[in-house]
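Those letters in the sequence shown? Residues 1 to 390, by the numbering used here.
The beta-carbon is built from N, C-alpha and C at its ideal position, and this holds for glycine as well.
Read through the structure below, which is laid out as structure tokens, and then see the notes.
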Amino acid sequence: MPELSVVIVAADGEQRAVLQVLVDGTSVARAVHTAGTFPVAGTDPVVRRIQSANPDVILVDIPVDNAVTALRTIELLHQELPDSALFAIGGMSQPHVIVNAMRSGAREYIERPTTTTDLLEAFVRLTAAQRRIHREGARGKVFTVVNAKGGSGATTIAVNLALALQSAHGNVALVDIAPLGHASLHMNLKPLFSVTDAIRNLHRLDSSLLESFMTRHGGGLQLLAGTSIPLAVEPSTAEFARLFDMLVSHFRYVVVDASSRMDGTTRLVCNLSEMVLLVAHADVASLWSAARVQQYLGETGGRERVRLVLNRFRKIPGFSESDAEAAAGVKLLWKVPNQYFAVATAIDRGIPLMHQNHTEIARSFIGLAALLTENDDEVKRTAWSLFKTV
Ligand SMILES: Nc1ncnc2c1ncn2[C@@H]1O[C@H](COP(=O)(O)OP(=O)(O)OP(=O)(O)O)[C@@H](O)[C@H]1O
Ligand SMILES: [Mg+2]
């Protein structure tokens with residue numbers, strides 16, 4: 001890893017000195033310049049001095065009593081030095097400061113008091129992201145999980161499928177686009193950011209900013225959390241297309257929990273998917289709904305990508321799998337057993353089934369993940385990009 005040059009902007013002299021020691025302590029970066037005032041105009045000589053240091057990274061310390069000025073400095077430096085990565089350092093008690101720092105152009109928000117490890121991790125993330133940008137080609141596959149009918153189990157299946165893919169292959173993202181995101185609850189995560197933040201920052205979204213909006217689960221699965229407020233203004237489908245373009249260039253597999261969201265966005269994401277898992281129960285109302293949903297999703301093409309997943313499955317005398325396929329008009333892909341106690345307890349405790357090994361239902365998700373990826377080593381991945389320049 002080449003040594004990164006770092007400029008430190010901190011009004012407090014002691015904090016400036018501490019940060020300098022911490023940066024040099026990482027051994028992968030070196031403080032090349034420090035500034036004790038927050039420039040707020042491009043004409044400020046401090047900006048010129050920072051520019052002439054040509055830093056890879058600028059650390060801006062956000063003081064508790066003067067966050068507004070520090071945020072303006074971040075915005076200004078983002079404009080004036082577009083090739084330098086901005087890391088904000090500040091407290092965690094005011095979420096609006098964190099959000100505003102990211103919106104103003106910070107790639108990372110690092111907690112104060114900071115440690116050498118925090119900085120080292122952020123520097124490694126930055127160089128890893130830059131490497132990924134340079135690595136052309138490989139694009140991930142999207143699997144979208146959508147309900148035939150509310151409460152059929154889309155979130156349970158999306159979460160556990162993503163975990164199964166993560167443990168088998170690594171580099172998996174779970175993206176929650178449900179009308180109200182429940183995936184974080186299933187995994188007992190408390191995300192600071194959501195899909196909404198990624199969409200709002202699309203104009204400057206790169207791999208490392210995307211990663212900073214995601215919440216990491218124990219085994220490495222990255223969650224782009226869903227909204228916790230029903231949205232008044234829906235983002236356009238074009239914005240989602242750009243977000244997914246970024247996701248597939250970053251992750252090997254992207255699992256989407258659309259749950260019961262039934263709009264242009266779900267249709268678009270289904271169109272971008274390798275396979276759409278339509279979750280239904282084996283009863284008349286659920287299968288009738290599955291037929292309607294597959295018709296709706298298929299209106300813009302891609303009907304052949306939709307597959308039926310029967311959740312809470314148990315054998316019912318006189319009812320065959322081909323009856324289910326005929327009623328839904330969709331080919332059956334998988335059956336997930338009915339285990340109410342295990343599933344409900346897993347959700348309530350926030351410990352997904354996949355992390356409670358050896359249950360029949362966990363084995364079912366491992367099998368589903370294996371089926372979806374069975375050809376991946378031999379078959380060249382379908383590459384798509386909405387923004388190919390050729
Ligand atoms: N395989 C299963 N066996 C038994 N119960 C299940 C199974 N899968 C899901 N459930 C139960 O169904 C309920 C709904 O599950 P989940 O939240 O995954 O559904 P959803 O389709 O995402 O709901 P929503 O429409 O609200 O998004 C849960 O309370 C869970 O206990
Ligand atoms: Mg759900």
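Review point. Using the beta-carbon count (16 or more within 10 Å), is Thr114 buried or exposed?
Key: buried
Exercise for review: Give the single residue among Leu221, Ser194, Gly42, Gln339 whose Cα lies nearest to the Cα of Ser167.
Suggested key: Leu221
Practice item. Check whether the Cβ of Thr265 lies closer than 6 Å to any heavy atom of ligand 2, and answer yes or no. Key: no
Point to revise | Cα-Cα separation between Met92 and Arg112, rounded to whole angstroms | key: 8 Å
**Study point:** As assigned by DSSP and simplified to three states, the class of Ala178
**Key:** Looking at Ala178 - three-state DSSP - the assignment turns out to be coil, as it is neither helix nor strand.
**Study point:** For Asp283, the nearest candidate out of Val269, Val276, Ile316, Leu272 (CA to CA)
**Key:** Ile316
Point to revise | Nearest neighbour of Leu4, chosen from Leu86, His78, Ser212 [CA to CA] | key: Leu86
Exercise for review: Mark Thr156 as exposed unless 16 or more other C-beta atoms lie within 10 angstroms of its C-beta, in which case mark it buried.
Suggested key: buried
Review point. For Gly150, which three-state DSSP category applies?
Key: coil
Review point. Any C-beta of chain C sitting closer than 7 Å to the C-beta of Ile8?
Key: The structure shown contains no chain C, having only a single protein chain.
Exercise for review: Output the distance between the C-alpha atoms of Ala31 and Ser236, rounded to the nearest integer angstrom.
Suggested key: 42 Å
**Study point:** Sequence-distant residues of its chain with Cβ nearer than 8 Å to Thr359 (five each side left out)
**Key:** Gln339, Ala342, Leu353
Check your understanding: Which word fits Glu211, buried or exposed, when buried means at least 16 other C-beta atoms lie within 10 angstroms of its C-beta?
Key -> buried
Review point. What is the residue span of the beta strand (DSSP E) that Ser5 lies within?
Key: 4-9
Practice item. Could you tell me which uninterrupted beta strand (DSSP E) segments, each at least 3 residues in length, are contained entirely in the region 210-245, listed from first to last along the chain? Key: Qualifying beta strand (DSSP E) stretches, in chain order: 222-224.
Check your understanding: Taking just the CA atoms, how far does His281 sit from Gly226?
Key -> 24 Å
Check your understanding: For the candidate residues Ser228, Val142, Asn66, Asn160, whose alpha-carbon lies nearest to that of Leu368?
Key -> Distances from the CA of Leu368 to each of Ser228, Val142, Asn66, Asn160 were compared; the closest alpha carbon is that of Asn160.
Review point. Is it the case that the Cβ atoms of Ala154 and Ser52 are separated by a distance below 7 Å?
Key: no
Review point. Between Arg16 and the rest of its own chain, which residues show a CB-CB distance below 7 Å, the 5 nearest in sequence each way excluded?
Key: Ile8, Ala10, Thr34, Gly36
Check your understanding: Quick one, are the C-beta atoms of Leu332 and Leu371 less than 7 Å apart?
Key -> No, the pair does not count as a contact, with Cβ atoms beyond the cut-off.
Point to revise | Cβ-Cβ distance between Leu403 and Arg242 below 7 Å | key: This structure does not reach residue 403, given that the chain is present from 1 up to 390, and the question cannot be answered.
Review point. With 16 other CB atoms within 10 Å as the buried threshold, where does Gly391 fall?
Key: Residue coverage of the chain in this structure runs from 1 to 390, which leaves residue 391 outside it and unanswerable.
Review point. Alpha carbon to alpha carbon, what distance is there between Glu121 and Gly90?
Key: 16 Å
Point to revise | Inter-residue Cα distance where the pair is Asp197 and Phe240 | key: 12 Å
Practice item. Count the other CB atoms, across all protein chains shown, that sit within 10 Å of the CB of Gly42; report buried if there are 16 or more and exposed otherwise. Key: exposed
Exercise for review: Could you check which residue in Val57, Ile98, Ala173 has the C-alpha nearest to that of Arg252?
Suggested key: Ala173
Review point. What residue ranges within the region 293-327 form continuous beta strand (DSSP E) runs of no fewer than 3 residues, ordered along the chain?
Key: 306-313
Check your understanding: When you compare only the Cα positions, how much space is there between Pro230 and Glu321?
Key -> 37 Å
Practice item. Mind checking who Gly90 pairs with in its DSSP beta bridge? Key: Glu111
Check your understanding: ligand 2 heavy atoms versus the CB of His182: any closer than 6 Å?
Key -> yes
Exercise for review: Name the residue from Pro191, Gln20, Pro337 whose alpha carbon lies nearest to the alpha carbon of Arg314.
Suggested key: Taking only the C-alpha atoms, the option nearest Arg314 is Pro337.
Check your understanding: Which residues share a DSSP beta bridge with Thr34?
Key -> Ile8
Point to revise | Start-to-end residues for the alpha helix (DSSP H) that takes in Ile414 | key: For the chain, the structure presents residues 1 to 390; residue 414 sits outside this window and is missing.
Exercise for review: Since I believe Val145 is in contact with Val279 (beta carbons under 8 Å), could you give me their beta-carbon distance rounded to a whole number of angstroms?
Suggested key: 6 Å
Check your understanding: Comparing the CB of Thr155 with every heavy atom of ligand 2, is any distance shorter than 6 Å?
Key -> yes
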